[in-house]
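> Sharing a structure below in structure tokens format, with a few things to ask.
As structure tokens, this is what we get:
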């Protein structure tokens, strides 16, 4: 009768867990949300747009400029001259001039074009920083998601182990009532169950922490309360109130999706390095612009105007004007030459930094490749270990029922089987992290 009530209770729990709304948490949705939300990505995009505006402004200086000029004047005294009985006024108290003016720099030894190229270099650098921000955000959200995947696997594996522990506890309790087992065996079985339940709760707490880290990157929680969440595959009744039931991507499927990244080579023009190339170009162009500033600057201006008065004659007139101006710096205290040297040094510094960062990134890429190679061996060994540990746990429990071993040996065998499964899960997550690094730095 008690067994029947136990079966009904377990069925009720299973229906309750299965009937709860399962919240989907796919990696692709997290990636898209993170890229759309990331303040770093938005800031980098805004900086790139600002740099483009600056470039367009300087490039506009290469073309002729057309203005509408207008002026008005008033004078309290107009020159006069008496000729016989007539008084002639040379001009008028009121005057105006209005019309378009064209200005164009004929020669500046390339100062304006170099300045525009300098701004273009900054823009190209900011574009690469924007691409870098997207790559870094993608890597961060992936790594956070992989942690959640690992936690969900751990919660599921531990819940399965809890199911085994509870079954064994029930078997030992029944055998104790029949006089076949000792009170010590009962206590050891209860201890195993309680320890596994504690491990499940600890895994759920870690899942909550990693979910919050993921949601801070995505800017949304996908309707999931992370406080005490659970994997959708768990059927065991667990202590505490479940706040969400989650279905994430299967880590094995994610590994298959990312497998192609293992064949990538290091990208020598990865955005982080390309950003330095833009800076080097910008500093070099700025140095040329300051060097050219010590040369003469020849400019043309021309216009057509409606004007009143026409000099000393009080009448409206339409006339044209044109002129050429030459500006040659005679003394500036070496300011432009000093700025040219400064920018050239900045270009050299940026080039050296690029070289240093390139070595660092290439080393990181190679390290990720080394880890993945080692994981191939470790995963194969761990898979074999897991199969043997599971078989050993089953045989040990049979031996215990036959009275050949103690329950301590059963507990140890179960723990070894569980640890081997958890190890396999961890190796999968480590593989995903390594593949994500290769994708971030490779091509």
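Residue numbers (our numbering): 283 to 725. Where a beta carbon is used, it is the ideal one built from N, C-alpha and C, also for glycine.
Assign residue 595 to one of two classes, buried (16 or more other C-beta atoms within 10 Å of its C-beta) or exposed (fewer than that).
By the 10 Å Cβ count, residue 595 comes out exposed.
> Please confirm whether residue 404 and residue 564 have their CB atoms less than 8 angstroms apart.
yes
> Rounded to whole angstroms, what is the Cα-Cα separation between residue 316 and residue 566?
If I take the Cα positions, the gap works out to 36 angstroms.
> Under the three-state reduction of DSSP, which class applies to residue 613: helix, strand or coil?
Note: residue 613 maps to coil in three-state DSSP.
> Check each candidate in 631, 458, 644 and 475 and name the one with the smallest Cα separation from residue 549.
644
> Output yes or no for whether 8 angstroms exceeds the beta carbon distance between residue 435 and residue 707.
In contact: residue 435 and residue 707 (Cβ atoms closer than 8 angstroms).
> Looking at residue 426 and residue 492, is the spacing between their C-beta atoms short of 8 angstroms?
yes
> Given a threshold of 16 other Cβ atoms within 10 Å of its Cβ, counted over all protein chains shown, does residue 498 qualify as buried or as exposed?
Counting the other Cβ atoms within 10 Å of the Cβ of residue 498 gives fewer than 16, which makes it exposed.
> Quick one, which of 401, 609 and 636 has its alpha-carbon nearest residue 576's?
Comparing Cα-Cα distances from residue 576 to each of 401, 609 and 636, the minimum goes to 609.
> Is it the case that the region 316–334 contacts the region 355–364, given that we only count it when at least three CB pairs across the two stretches are under 8 angstroms?
no
> Whole angstroms is fine: what's the gap from residue 488's alpha carbon to residue 482's?
Between residue 488 and residue 482, the C-alpha separation is close to 10 angstroms.
> Have a look at the DSSP bridge pairing and note the partners of residue 383.
349 and 585
> Between residue 355 and the rest of its own chain, which residues show a CB-CB distance below 8 angstroms, the 5 nearest in sequence each way excluded?
Closer than 8 angstroms at Cβ, skipping near neighbours: 376, 377 and 378.
> From the DSSP output, in three-state form, read off residue 302 for me.
Under the three-state reduction of DSSP output, residue 302 falls in the coil class, being neither helix nor strand.
> Please tell me whether residue 384 and residue 344 are closer than 8 angstroms, where the distance is taken between their beta carbons.
no
> Measuring straight from C-alpha to C-alpha, what distance separates residue 634 and residue 340?
28 angstroms
> Can you give the beta carbon distance from residue 767 to residue 504, rounded, assuming they're within the 8 angstroms contact cut?
No information on residue 767 is available, as it lies outside the stretch 283 to 725 that the chain covers here.
> Mapping the DSSP letters down to three states, classify residue 607 as helix, strand or coil.
strand
> Residue 442 to residue 558, Cα distance in whole Å?
52 angstroms
> Are the Cβ atoms of residue 744 and residue 572 separated by less than 8 angstroms?
What is shown of the chain runs 283 to 725, which leaves residue 744 out entirely.
> Which runs of the beta strand (DSSP E) spanning at least 3 residues fall entirely within the region 453–525, listed in chain order?
511–513
> Here's the rule I'm using: 16 or more other beta-carbon atoms within 10 Å means buried, otherwise exposed. How should residue 230 be labelled?
The shown model of the chain, from 283 to 725, leaves out residue 230, and the question about it has no answer.
> When you compare only the Cα positions, how much space is there between residue 455 and residue 422?
49 angstroms
> Helix, strand or coil for residue 644 per DSSP?
helix
> Can you list, in chain order, the residues of its chain with a C-beta nearer than 8 angstroms to that of residue 605? Leave out the 5 residues immediately preceding and following it.
582, 583 and 584
> Take the Cβ of residue 593 as the centre, count every other Cβ of all protein chains shown within 10 Å, and call the residue buried at 16 or more, exposed below.
exposed
> So, are the CB atoms of residue 544 and residue 720 less than 8 angstroms apart?
yes
> Would you report the Cα separation of residue 240 and residue 546, rounded to the nearest angstrom?
Residue 240 is absent from the model: the chain starts at 283 and stops at 725.
> Within 10 angstroms of the Cβ of residue 429, are there 16 or more other Cβ atoms? Answer buried if so, exposed if not.
Looking at its Cβ environment, which holds 16 or more other Cβ atoms inside 10 Å, residue 429 is buried.
> Terminal residues of the continuous alpha helix (DSSP H) containing residue 375?
It is not in any alpha helix (DSSP H) - residue 375 carries neither H nor E in the DSSP assignment.
> Contact criterion: CB-CB distance below 8 angstroms. Does residue 676 meet it with respect to chain D?
Of the chains in the structure shown, none is chain D; there is only one protein chain.
> Between residue 695 and the rest of its own chain, which residues show a CB-CB distance below 7 angstroms, the 5 nearest in sequence each way excluded?
674, 675 and 678
> Can you check whether the CB of residue 507 is closer than 8 angstroms to the CB of residue 526?
Contact flag set, yes.
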